[in-house]
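Presented below is the structure to which this report refers.
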Amino acid sequence: MKTEVLPFSPEAIAEAARLIVGGAPVAVPTETVYGLAADATSGEAVATIYAAKGRPSFNPLIVHVPDVATARKLADLPEAALRVADRFWPGPLTIVAPLRPDAGIASLVTAGLPTVALRVPAHPAMQALLRASGRPLAAPSANASGTISPTRVDHVLRSLNGKIPLIVDAGQCPIGLESTIVAIEAATIRLLRPGPIAFQTLAEVAGLPIGSSSAAIEAPGQLEQHYAPSKPVRLGAEAARDGEWLIGFGEIEGDASLSPRGDLIEAAARLFDLLHQADSSPARAIAIARVPDDGLGVAINDRLRRAAA
Ligand code: TXA
Ligand code: MG
0 MKTEVLPFSP
10 EAIAEAARLI
20 VGGAPVAVPT
30 ETVYGLAADA
40 TSGEAVATIY
50 AAKGRPSFNP
60 LIVHVPDVAT
70 ARKLADLPEA
80 ALRVADRFWP
90 GPLTIVAPLR
100 PDAGIASLVT
110 AGLPTVALRV
120 PAHPAMQALL
130 RASGRPLAAP
140 SANASGTISP
150 TRVDHVLRSL
160 NGKIPLIVDA
170 GQCPIGLEST
180 IVAIEAATIR
190 LLRPGPIAFQ
200 TLAEVAGLPI
210 GSSSAAIEAP
220 GQLEQHYAPS
230 KPVRLGAEAA
240 RDGEWLIGFG
250 EIEGDASLSP
260 RGDLIEAAAR
270 LFDLLHQADS
280 SPARAIAIAR
290 VPDDGLGVAI
300 NDRLRRAAA
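Here's what the structure looks like:
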């Protein structure tokens, strides 16, 4: 694949929006760092982010929306979150709140969690893409897993050249540091990732006491929560044993299949939906067919091992 770089312009945004609606990922600047954006309502589109980044695991992603009104359609934002949003959105702030059941966000975006991370970015390029595509955009930083955060197009090219169709170029990101992430519940605020907006200020504007888990602030990536099924999980299954609900892949059909044609993008897109389905079935246990351990299969298997642990 050839990676096109287009300077930020109405034509570049129209092309980016066309790619997004078609299910492809596009790198686009925000005021913090360049993000690798895809349609958050499509699991297959979101899987292409992971395929391009080569991320060895699925972490929940930030969903970008154009304004507070759109954010309120996706999450139940408590009063305190709305106070914080009014003051700091658009801007380098991400708020984690309960996902609305009718939000239509793909389960791969939240990695199966009942919460969603939302951000209204200020950068005109990301704002323009959100409005032109009409989609909420899932976007992690636009770099390969384990490399530095991309604040210029050459940083994006260094790890994603040839792996994505388009980068919208608006020069250097003005802030250059990823957004502050807070979880706001009815009665507390917790810092999940330090960033450009000071936590103390956020707690003051929220008017909430600081929740206990912020006492031990860990490095980003280490504080991810994980969805885990409540039943025993057996991996590498070739057939269901007594009382098991079998998640198939390829030739192994099962009760439902991650991908009958053995496609890893499709399997990633369906992974959390099928884990939830298996978990809520009357079966006592969950069995899962083997998924090849290459490409996106590495991230899928990482998640399956955690589910089985
Ligand atoms: O500035 C930024 O935030 C950039 C730009 C592109 O918006 N994005 C970014 O995304 O840094 P990423 O994927 O590199 O980091 C997302 C962080 C992860 O640490 C993830 O664990 C956390 O957000 N996160 C997402 N959803 C969450 C949830 N439901 N609960 C807890 N943490 C969540
Ligand atoms: Mg990142």
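Straight run, no breaks: the sequence shown in numbering that gives the first Met the number 0 ends on number 308. Ideal Cβ positions, reconstructed from N, Cα and C, are used throughout, including at glycine. This one's a predicted model, so the numbers in the text were calculated from it and none came from an experiment.
Taking 4 residues as the shortest admissible run, the stretch 209-293 contains the following complete alpha helix (DSSP H) segments, listed from N- to C-terminal end: 263-279. In the structure shown, the three-state DSSP call for Thr-93 is strand. Each of Leu-295, Ala-105, Ser-258 and His-63 was checked against the Cα of Ser-132, and the nearest Cα belongs to His-63.
Residues of the same chain with a CB within less than 6 Å of the CB of Arg-233, apart from the 5 flanking positions on each side, are Ala-286 in chain order.
In this structure, the beta-carbon distance from Ala-51 to Ile-163 falls below 7 Å.
Rounded to whole angstroms, the separation of the alpha carbons of Pro-231 and Thr-109 is 22 Å. Beta-bridge pairing by DSSP links Leu-5 to Val-167. Around Leu-295, the same chain offers Ala-46, Tyr-49, Ala-50, Leu-263, Ile-264, Ala-266 and Ala-267 as residues with beta carbons nearer than 8 Å, after the five sequence neighbours per side are excluded.
Relative to the ligand TXA, the beta carbon of Leu-156 is positioned no closer than 6 Å to any heavy atom. In the pairwise beta carbon analysis, the stretch 186-195 is classified as not touching the stretch 136-145: fewer than three pairs are separated by under 8 Å. Within the stretch 162-206, the alpha helix (DSSP H) runs of at least 4 residues that lie entirely inside it are, in chain order, 198-205. Checking the 6 Å criterion, the Cβ of Pro-55 is out of range of every heavy atom belonging to the ligand MG. The continuous stretches of alpha helix (DSSP H) do not include Ile-61, which lies in the beta strand (DSSP E) extending over residues 61-63.
Secondary structure at Ser-106: helix, using DSSP grouped into helix, strand and coil. Proximity of the beta carbon of Asn-58 to the ligand TXA is indicated: a heavy atom of the ligand is located closer than 6 Å.
Taking the C-beta atoms as reference points, Ala-121 is found no nearer than 7 Å to Ala-39.
Straight-line measurement puts the Cα of Arg-304 at about 12 Å from the Cα of Tyr-226. Counted as a single uninterrupted DSSP element, the alpha helix (DSSP H) harbouring Pro-123 occupies residues 123-132. When the five nearest sequence neighbours on each side are left out, the beta carbons in the same chain lying within less than 6 Å of the beta carbon of Pro-6 are those of Asp-168, in order along the chain. In this structure, the alpha-carbon of Leu-274 lies about 7 Å from that of Pro-228. If you ignore the 5 residues before and after Ile-166, its C-beta comes within less than 6 Å of the C-beta of Val-4, Ala-26, Val-152 and Val-155, all in its own chain and listed in chain order.
Excluding five sequence positions before and after Ile-61, the CB atoms of its chain that fall closer than 6 Å to its own CB belong to Thr-93, Ala-116 and Arg-118, given in chain order. Around the beta carbon of Glu-78, a 10 Å sphere encloses fewer than 16 other beta carbons of the protein chains shown; the residue is thus reported as exposed. Taking Gln-171 as the centre and dropping the five residues before and after it, the same chain places the C-beta of Thr-150 and Arg-151 closer than 7 Å to its C-beta, in chain order.
With a beta-carbon spacing of about 5 Å, Ala-127 and Ile-12 fall inside the 8 Å limit used to define contacts.
The beta carbon of Ala-124 sits closer than 6 Å to the beta carbons of Phe-7, Val-27, Pro-28, Val-167 and Ala-169 from its chain, once the five residues preceding and following it are set aside; these are given in chain order. Beta-bridge pairing by DSSP links Arg-82 to no other residue. Excluding sequence positions up to five before and after Tyr-33, its CB lies within less than 6 Å of the CB of Ala-26, Ala-141, Pro-149 and Val-155, all in the same chain and listed in chain order.
By the 16-neighbour rule on beta-carbons within 10 angstroms, Gly-111 is buried. Closer than 6 Å to some heavy atom of the ligand MG: that describes the Cβ of Pro-139. Counting along the chain, Val-32 sits inside no alpha helix (DSSP H), nor does DSSP assign it H or E at all.
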